[in-house]
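Presented below is the structure to which this report refers.
There are 4 protein chains.
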Amino acid sequence: MISHNKRIPVAVLGATGMVGQRFIEMLSRHPWFELAAVTGSERRAGQRYGEAVTWRLPSSAPPPAALELPLLPPDAEFDAPIVFSALPTDVATEIEPLLAARGHAVFSNASSYRMASDVPLMIPEINGDHAGLIARQRRERGWPGMLITNPNCSTIQIALALKPLADSFGVKRMQVTTLQAISGAGYPGVASYDILDNVVPYISQEEEKIERETQKILGRFEDEAITPAPIVASAQCTRVAVREGHLACVSVELGRDAQSADLIAAWRAFRAEPQERKLPTAPDPAIIVREEADRPQPLRDRDAGNGMAIVIGRVRPCALLGHKFIVLGHNTVRGAAGASLLNAELLVAQGIVG
Amino acid sequence: MISHNKRIPVAVLGATGMVGQRFIEMLSRHPWFELAAVTGSERRAGQRYGEAVTWRLPSSAPPPAALELPLLPPDAEFDAPIVFSALPTDVATEIEPLLAARGHAVFSNASSYRMASDVPLMIPEINGDHAGLIARQRRERGWPGMLITNPNCSTIQIALALKPLADSFGVKRMQVTTLQAISGAGYPGVASYDILDNVVPYISQEEEKIERETQKILGRFEDEAITPAPIVASAQCTRVAVREGHLACVSVELGRDAQSADLIAAWRAFRAEPQERKLPTAPDPAIIVREEADRPQPLRDRDAGNGMAIVIGRVRPCALLGHKFIVLGHNTVRGAAGASLLNAELLVAQGIVG
Amino acid sequence: MISHNKRIPVAVLGATGMVGQRFIEMLSRHPWFELAAVTGSERRAGQRYGEAVTWRLPSSAPPPAALELPLLPPDAEFDAPIVFSALPTDVATEIEPLLAARGHAVFSNASSYRMASDVPLMIPEINGDHAGLIARQRRERGWPGMLITNPNCSTIQIALALKPLADSFGVKRMQVTTLQAISGAGYPGVASYDILDNVVPYISQEEEKIERETQKILGRFEDEAITPAPIVASAQCTRVAVREGHLACVSVELGRDAQSADLIAAWRAFRAEPQERKLPTAPDPAIIVREEADRPQPLRDRDAGNGMAIVIGRVRPCALLGHKFIVLGHNTVRGAAGASLLNAELLVAQGIVG
Amino acid sequence: MISHNKRIPVAVLGATGMVGQRFIEMLSRHPWFELAAVTGSERRAGQRYGEAVTWRLPSSAPPPAALELPLLPPDAEFDAPIVFSALPTDVATEIEPLLAARGHAVFSNASSYRMASDVPLMIPEINGDHAGLIARQRRERGWPGMLITNPNCSTIQIALALKPLADSFGVKRMQVTTLQAISGAGYPGVASYDILDNVVPYISQEEEKIERETQKILGRFEDEAITPAPIVASAQCTRVAVREGHLACVSVELGRDAQSADLIAAWRAFRAEPQERKLPTAPDPAIIVREEADRPQPLRDRDAGNGMAIVIGRVRPCALLGHKFIVLGHNTVRGAAGASLLNAELLVAQGIVG
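Protein chains in written order, with my numbering: chain A, 118 to 471; chain B, 118 to 471; chain C, 118 to 471; chain D, 118 to 471.
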């Protein structure tokens, strides 16, 4: 692990997009990492970042440190041990292995390799031990670098909500319906004419991702492989007119009897490695339970823990599966850029990267 | 059954509210019914309807026939065999029995008496035979009139979607998450500051209503009583920034094996008494199945069948319960005013009223 | 003028876009015109219209008559004396003269030739006599066909509101601020992430169009040329989260003293050639004045006169210019497809086309 | 002036409403003022603030310091030299003079006394010298305390934008159209059914307030009286579906010739007493000019200078009045709570209060 006196140079791939901008913003005040390189589309390569980007986050302009960086083409070479990828899936599929082969530790938000058997699909509060896959990955692929992925923006908060339940009671079956923010579709993403006074009850591949990523994330690492958790999961995903914050209505069947109060107690007691290690981007607590009848709400709860905490509410019995509740997470922070950052922080803290 | 040469005079209670306005609008072009009286709050009683109402429907003004009617106080006496109630629950609880006692046939949209054992909770396409309760109701309560209710605005479309499945396959368990329109909360209802860029994941008493009304609606009428259908139901209800149209994401366990195509066939084959009798407000078909990946949508599908049809889409397997799908209904038309109207039309056609 | 026993075949250029869809919809019930050909992008040419189009209008599907028409490439040849153009500006610039040269009467919604000195910029209620330019146009350009344009979607309603004032009092100066609907930007147009909980106070070239088109529209036709009306005009244009309906806040200085009541009287008395001739798409009245304090509103007034009437309200004194008022028009109906249609109807009725 | 070692106790009247909550939030981190008392409606008086309030600001809960304060009735007596009033107009009319008579310095956001000839209508960057009215006010009314008001939420940003122009060039005439946020109407305020997919082109009394408050604010203080600035002003006000941030489209006629660049230079050079004195709530700069084609935007610019700066853009020639531009201000911060706070800070700094 390199000395923290000197911050580790990092690169952001796909730096002008919605998630790319979140990376840039979150890195601008990061104590361990220093933005050293940014890549974008061929078309705009060569421009300064400040020139190439149309800044769309609520903060009124990009951070000063990023403005003067030259935007590199997607396949550029650069010096930065850590790379954050906000690439679109098709580009990620091609570029990410290339960078791992060049020796970078790639922390990817793309879905391309999430389900690969030698690639960790990691949420530091849940499955930091899945980093054990990396040794096999490097050996089998011959990479001096490595590739670590984080889950889909709606999976993260669901998996995080399930983790303390799995630990305390076991989780057997889950039904979830999501109401997802427009920022989840990137930019320009959802046309205003499609969503104003409307709901779009379909997000391509999202239900499949939630169902199978949840099983891998909560799976067991043994003998350099992940055994998926045997959770029967079913998801329905919708898009609503909300800027940021994915809401999930969850019904869950536990492995043993419990009361709502027991679930709440399990969530409130939850602390994991990122909290113990006080990683810079780790929220503490990671899970907030609210008791008002009408929370969590995207507008009012998405910024909890600087967007890195998840907020749970309306915990109550379910006639069908035993328990139901609502969980909210900030989809471009906890569900994307912040997820990759936290993964990188964990591996740096564990001495695997840096 | 009275001759149709002369239209039956009807009254609307609570005529200035959101659902009241829908009644007025739908009655303005009704072939059997003629608006004869309107009631409103004490405060505005005595004004002409055109003066008392602030018209909020998309049509730019109230229908001419209503403009000059005097707004009567809630407990006014009037001549009109049929009464449509859009009263708030507390007022309905008091006034509706009074009117039944005075000899009116009251078709109520309020929740006050929906679960009373001698009051039909009726959807003509599903349980016209529940009208059999009326005889007992009149006898036991000593009413010359009668009281018939329609379900909650989000229950109707769910029950209607389940009916053909219950008939063909049996329905054992159901999980539903709703995304409900702001008009469902009446006017002024939801404050814009609460819903713009937000979701409110709570609607008071709504989940309970869906769970137990569905059982009564699909129940069996025998010996002057309803045996609730033994469907295990669990609901989660949310409010979204949509003007009209409640969307429901449903998972369902059937009584026997079936494929998605079998469900679609059952829905498409569905025709019931209102369609057979060609009741004026009956949609034909009552159930529309769309095959696009991203339908139904509130904005694009709520006006199907003049707002009286329900639209189903995304029929697909569910890992948990076997089948899942999305269903949409227009909450202030099919889910409220149109529901009462169709109930009245059925009883007129059956010769019970009029 | 051709016999009306047989409807005139018409073509729609750019038929899959937002305005193109409005053309298709309005033509589906047109008594004089019959949809005979549709063109679209090269990429989708060859598909059936029903296959090529993603229908986005509130009606749930394209009209049956259009579904089976083959989508022709932009430069296709076809038989149809009348052509409606919903082409993007760059394509219109190239294709429209070509079609006029082939003998078609082209009614264009594009901005390419609006300000050309030999091309009528026509609103039938205002300047039907500008059709006099056509003789010069055909002679000088050697076209067997012709090209007639309609104004920008926000200009039309403003010009229409000014016309009766110009006739009765003279109009010297005008300031206008518009609040324009997202549909004005086409599809996908405005990204939801840019407009939800926001206003974009800029629409490229829109202010210039309003300022100079108004002068040409209200100009005088003499000696085969238009002398622009000497109205000093200044516009500020903004985009708001509204689906359809452009709102304009207008201040105006008249040529002589008048009271608000005089303006209202002038608007209410206004009837022009389309109303006299009872053209199929002509609203009657063309101008509606509402007296409520808070009208017109896009949601509640955009469909007045089937979207072809404009609605004026809040007529009151202006400390600066004398008078101020609000005017609303449906931007994709009166402001686009309906505008072209009405132009064509007028020329057919005048015997110039058909 | 009291020592700043000890913070000055302050009270907030109407503390549970929208503006009241902003006061509470801004005071929670104030270096000079300490929240000592809160008042609310009779109905909730006696409850703790944390119990009485339904917190609606984006921060997820009220600041801890406020939670335990008892909510006092409107006419309660309390110890706090400085009082901030977020009372509704009718209550303010009655209560504010009472409190001034009891010796409090009342900083009011209500409109009741803004136009009274002995009450300062103050914006510290513009007319700190209007505080000179206080001596006359106390003398004539026999008040040991005093009453200072701040302008209407949409006037403030307009007056602030005009100030540097008035100083450098003179301002003769102004036309303004506003697009105002829903929070300006308080809570529950605008019903979602009235504003979703809509604009309401009317806000009661708003246009009159802008027109005449601007003249008083920019007026000259002499001989213990204000001579209104002779600016001919005309306003049109609309409500749009935006949470926070009033946008104003301004046309202005200056006293002498100038170029857009001259106006921009005047705005950029502007610094006033609050900036010189580094008052805690003073933004620096107070006026930000942006050069992008499409700014300012409510969503992206409302938080500039912690919501206390105004943002100007689209400075360009106006054919009618010479110049036009767009200006944005945060209506519940700069336009309400922050305005009162800054007034209080100025008078404390000047030694008039505290």
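Cβ atoms here follow ideal geometry from the backbone N, Cα and C, with glycine treated the same way.
Note that the structure is a prediction, hence the values are computed from the model and not measured.
is_contact[residue i, chain A] using C-beta, thresh 9 Å
i        : result
ASN423/B : no
ARG412/B : yes
ILE443/B : yes
LEU296/B : yes
ILE312/C : yes
Top-ranked residue by Cα proximity to residue i, from the options
i        : options                                   : result
SER351/D : LEU437/C, LEU250/C and VAL307/C           : LEU437/C
ASP379/C : CYS270/C, ALA283/C and THR266/C           : ALA283/C
GLY287/D : ARG258/D, ARG373/D and PRO175/D           : ARG373/D
VAL465/D : ARG407/D, TRP384/D, ARG451/D and ARG394/D : ARG394/D
VAL406/A : ILE348/A, HIS147/A, GLN414/A and GLY430/A : GLY430/A
THR449/B : ASN267/B, PRO241/B and GLN164/B           : ASN267/B
PRO402/D : TYR166/D, GLU242/D and GLY167/D           : GLU242/D
PHE442/C : GLY245/D, ARG388/D and CYS354/D           : CYS354/D
Own chain partners of residue i with C-beta closer than 6 Å, once the 5 adjacent residues on each side are dropped
i        : result
GLU341/D : ARG253
ALA454/D : VAL136, ARG139, PHE140 and MET143
HIS247/C : PRO237, MET239 and PHE338
ALA461/A : ILE199 and PHE224
ARG419/D : GLU361, GLY362 and HIS447
For residue j and residue i, the rounded distance between their alpha carbons
i        : j        : result
ILE141/A : ALA132/A : 7 Å
LEU416/A : THR295/C : 29 Å
ALA222/B : LEU215/B : 11 Å
CYS366/B : GLN274/C : 42 Å
PHE150/B : LEU204/B : 20 Å
TRP260/A : GLU361/D : 51 Å
GLU390/C : LEU445/C : 22 Å
ILE251/D : GLN332/C : 53 Å
PRO413/C : ALA302/C : 22 Å
ALA162/A : ARG256/C : 51 Å
ALA382/A : ILE427/A : 15 Å
SER234/A : ALA399/A : 27 Å
VAL159/A : VAL127/A : Checking the displayed sequence, the identity of residue 159/A turns out to be Glu instead of Val. If I take the Cα positions, the gap works out to 20 Å.
ALA276/B : ILE334/B : 7 Å
PRO179/A : GLU408/D : 15 Å
Any chain D beta carbon closer than 9 Å to residue i
i        : result
GLY362/B : no
Coarse secondary structure for residue i, derived from DSSP in three states
i        : result
HIS147/D : coil
ILE199/D : strand
LYS289/B : strand
MET135/D : helix
CYS270/A : coil
LEU189/B : strand
ALA252/B : helix
PHE442/A : strand
SER177/D : coil
Interface partners of residue i on chain F, CB under 7 Å
i        : result
LEU437/A : Of the protein chains in the structure, A, B, C and D, none is chain F.
Short CB-CB distance (under 9 Å) between residue i and chain C
i        : result
PRO180/B : no
ARG66/B  : Here chain B comprises residues numbered 118 to 471, so residue 66/B is not present and cannot be evaluated.
Chain B contact for residue i (CB, 9 Å cutoff)
i        : result
ARG173/A : no
Close Cβ partners of residue i (< 8 Å) along its chain, the five nearest in sequence each way excluded
i        : result
ARG173/C : MET135, GLN138 and TYR304
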